[in-house]
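First residue of the sequence shown? That's 16 in this note's numbering, and the numbers climb one at a time after it. The C-beta atom is built at its ideal place from N, Cα and C for all residues, glycine as well.
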Amino acid sequence: MSPMIHDALPTASVALMNYALAALGCDEPAPLFGNSGLPGAVECLDHNVIIALTPVTEPLFDQALLRCAATRRRDTLLIRHGFHPETIDPVRVDVALRSITGPLLLTDLAFFRDRDQGLHLVPARGGLSVKLGRHGVEIGTRLPWNCLWDRAAGLECAAAQIVRACRTEHQG
16 MSPMIHDALP TASVALMNYA LAALGCDEPA PLFGNSGLPG AVECLDHNVI IALTPVTEPL
76 FDQALLRCAA TRRRDTLLIR HGFHPETIDP VRVDVALRSI TGPLLLTDLA FFRDRDQGLH
136 LVPARGGLSV KLGRHGVEIG TRLPWNCLWD RAAGLECAAA QIVRACRTEH QG
């Protein structure tokens, strides 16, 4: 990957980008060029996915996310993580999924690790979830847990992995 994107992003952003890219199996993402209106971003051409990251925790980029997904015809994720991901600031992901009628926006999703180590983005309550995998972004109509204990365990597992990833990236 081009070192340019790493130089421009905070270390927490780089760690979270690598966390999501590992789930996708995207080895060589390309920096996103052009005026997308999104903060630092990369695209995985083989998976038709754009991943943007920001330490801004407020949902300020919804319109840019929708515009980018529509113009580039790619599923677009924005990871909002704050300066202390999952220790003080919750990590939330907004997703614009491409569709025939225009992008579908899912907001305030949390990372969730299932029992088979699959990585999902899930809502706080019921609704659509998203799976990140080798085939890109897949929408799920069923939530990836069977009971509230499974839900809590999956959210906790992903949060712990994020904290470890950010500490490792920060320590060099």
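Check	Outcome
What is the rounded straight-line gap between the Cα of R82 and the Cα of D90?	11 angstroms
Which whole-angstrom value describes the C-beta separation of L39 and L147, a residue pair presumed to lie in contact below a C-beta threshold of 8 angstroms?	6 angstroms
Within the same chain, show all residues whose beta-carbon is closer than 7 angstroms to that of P44, passing over the 5 residues directly before and after it, in chain order.	M16, L36, V57, E58 and C59
Can you list, in chain order, the stretches of the beta strand (DSSP E) that have 3 or more residues and sit fully within the segment 112-140?	119-128 and 134-137
Out of S51, R130 and T102, which one is the CA nearest neighbour of L93?	S51
Tell me the rounded alpha-carbon separation between C181 and L134.	17 angstroms
When you compare the CB positions of A84 and R107, do they come within less than 8 angstroms of one another, or not?	no
Measuring CA to CA, which of S114, T156 and G151 is closest to L143?	T156
For C83, report the span of its alpha helix (DSSP H) as first-last.	D77 to R87
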